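The sequence shown begins at 592 in this note's numbering and counts up by one.
Shown next, in structure tokens, is the structure this report addresses.
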Amino acid sequence: MASSPIRAGQSAPTIPAHWRDFVALTKPRVMTLVVFTGLCGLLAAPGHIHPILGFTAILCIALGAGAAATLNQWYEADIDGKMKRTANRPIPAGRMDRQSALHFGVGLSFFSVLLMGVATNWLAAAVLTVSILFYVFVYTIWLKPRTAQNIVIGGAAGAFPPVIGWAAVTGDISALPIALFMLIFFWTPPHFWSLALFVKTDYAAAGIPMLPVVSGEVATRRQIWFYTAIMGVSAMAPVVLQLTGPIYGAVALVGTAFFVVFAFQVLRHRESDPVRMGPEKRLFKYSVFYLFLLFGAVVVDRWMFI
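If you want it as structure tokens, here you go:
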């Protein structure tokens with residue numbers, strides 16, 4: 592029997608949470624893209640890492656991302672309960688108490704960082720630590736409830752994985768992982784705001800100052816277009832700086848051209864529909880594919896031409 596959501600004044604669940612609820616706290620679907628970009632950073636790095644240590648490094652990135660997502664849900668449990676798309680998460684749905692989530696998130700954080708340091712090097716562990724702390728304290732606690740530009744600065748948290756993967760192999764940070772960091776950093780606003788356009792009523796109900804709620808749809812569409820232009824420049828930067836070769840260059844050029852087309856459709860559109868497949872949803876779905884495409888091209892390109 593499904594548990595009922597926790598309401599104000601209710602006691603925490605007395606039945607231990609199911610293991611699936613702990614997995615759900617880590618946001619496995621979101622983690623897929625995090626793990627992939629981290630893996631690409633690792634595979635594109637010069638040098639060699641033992642396959643077992645490489646696997647361990649990617650596992651640590653996954654655990655660190657899961658820890659950050661868990662702590663995010665621990666802190667935002669009340670907010671999640673007010674939004675339709677998050678109300679069935681383990682804590683607001685009453686399947687888990689907040690204390691258990693806190694302990695799980697903190698434990699995963701320490702374990703992932705320590706394992707990364709022991710298995711690879713402490714630079715990679717340090718960057719992993721920064722990514723977790725940035726997501727929890729800078730984005731979740733400080734920026735998200737206070738400013739409509741939360742995702743612009745806070746998006747840096749999701750840009751660290753390729754840097755971590757690269758550092759795990761090389762023990763340093765050079766131009767290419769920084770370029771990949773900037774690509775994800777500028778990709779995040781159009782990706783996230785395209786989602787926010789068709790779930791803005793959720794954010795409004797929860798009192799979260801997302802851009803469509805605070806500034807309206809027209810301003811959000813313009814910001815998506817603006818950041819798409821910057822992202823396009825960032826996508827081509829590795830080619831201009833001769834950090835990648837022709838395969839990445841061709842994929843980035845064509846892939847970004849499609850992104851620009853979808854972003855322009857969002858700019859021209861006037862009203863988002865939470866049910867039908869409009870340009871906002873098309874851009875959101877394509878943006879995920881776009882990042883997979885470009886990062887995959889980085890690896891193929893580096894293996895063939897560098």
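Quick reminder that beta carbons are idealized off the backbone N, C-alpha and C, glycines included.
The model shown is predicted, which means the values in this text are computed figures rather than measured ones.
Rounded straight-line distance, which links the Cα of residue j to that of residue i
i      : j      : result
Gly672 : Ala796 : 10 Å
Val851 : Pro780 : 14 Å
Ile682 : Gly807 : 31 Å
Phe883 : Trp784 : 19 Å
Trp894 : Ile640 : 15 Å
Pro619 : Leu858 : 31 Å
Val704 : Ala716 : 5 Å
Ala739 : Gly645 : 38 Å
Leu662 : Phe702 : 14 Å
Gly749 : Ala659 : 10 Å
Arg611 : Lys872 : 28 Å
Gly745 : Ile838 : 31 Å
Ile723 : Val621 : 15 Å
Asn741 : Lys791 : 15 Å
Leu844 : Tyr877 : 15 Å
Phe896 : Ser765 : 18 Å
Asn712 : Ala758 : 8 Å
Ser594 : Gln814 : Residue confidence for Ser594 is low, a pLDDT of 43 falling below 50, so the modelled location carries little weight and cannot support an answer.
Met773 : Ser825 : 7 Å
Val743 : Val879 : 17 Å
Gly957 : Met674 : This structure gives no information on residue 957, because the portion of the chain shown stretches from 592 to 897.
Leu802 : Ile643 : 43 Å
Thr623 : Asp763 : 25 Å
Cβ-Cβ separation, residue j to residue i (assumed contact under 8 Å), whole Å
i      : j      : result
Ala770 : Leu832 : 7 Å
Gly638 : Ile755 : Actually they are not in contact, since the Cβ atoms of Gly638 and Ile755 sit about 15 Å apart, beyond 8 Å.
Leu885 : Phe853 : Wrong, their Cβ atoms sit about 15 Å apart, outside the cutoff.
Ala636 : Thr761 : 5 Å
Gly846 : Asp892 : In fact, because the Cβ distance is near 13 Å, the residues do not count as touching under 8 Å.
Trp816 : Phe855 : 7 Å
Val830 : Gly840 : 4 Å
Ala888 : Val842 : 4 Å
Ala615 : Arg680 : 7 Å
Phe777 : Phe695 : The Cβ separation is near 32 Å, so there is no contact.
Leu767 : Leu834 : 5 Å
Val804 : Tyr794 : 5 Å
Ala710 : Ala608 : Rounded, the Cβ-Cβ distance is 29 Å, inconsistent with contact.
Close beta carbons around residue i, own chain, < 7 Å, minus the five adjacent residues each side
i      : result
Pro752 : Val625, Thr628, Gly629, Gly632, Ile652
Ile799 : Ile670, Lys735, Pro736
Thr617 : Gly657, Ala660, Thr661
Gln664 : Leu616, Asp671, Arg680, Ile682, Ala692
Tyr881 : Gly846, Phe850
Pro870 : Phe853, Gln856, Val857, His860
Thr819 : Pro781, Phe850, Val851, Ala854
Ala747 : Phe725, Phe776
Tyr666 : Thr731, Ile732
Val890 : Cys631, Leu634, Ala635
Own chain partners of residue i with C-beta closer than 6 Å, once the 5 adjacent residues on each side are dropped
i      : result
Met707 : Cys651, Ala715, Ala716, Leu719
Ala599 : In this prediction, Ala599 scores a pLDDT of 40, lower than 50, which makes its location untrustworthy; no coordinate-derived value is stated.
Ile668 : The sequence given here has Ala at residue 668, not Ile. Once the five neighbours on either side are set aside, the close Cβ partners of Ala668 are Ile682, Pro683, Arg689.
Ile821 : Phe777
Cβ-based neighbour list, residue i, same chain, cut-off 8 Å, excluding 5 preceding and 5 following
i      : result
Pro596 : Any reading at Pro596 must be qualified, since the residue scores a pLDDT of 48, below 50, and its modelled position is unreliable; the value itself is stated next. Correct list, in chain order: Gly672, Ala678, Pro683, Ala684, Gly685.
Met551 : The chain is shown only over 592 to 897; residue 551 falls outside these bounds and no answer can be derived.
Val721 : Phe751
Thr811 : Trp784, Ala787, Leu788, Leu802, Pro803
Val697 : Ala658, Leu662
Checklist entry - Is the segment 684-693 touching the segment 724-743, taking contact as three or more C-beta pairs under 8 Å? => result no
Checklist entry - What are the complete alpha helix (DSSP H) segments, minimum 4 residues, inside the segment 720-777? => result 741-745, 752-761
Item to check | Sequence ranges, alpha helix (DSSP H) only - wholly within the segment 845-889, length at least 4 | outcome: none
Checklist entry - What alpha helix (DSSP H) runs, 4 residues minimum, are completely inside the segment 604-692? => result 610-616, 619-635, 642-666, 668-671
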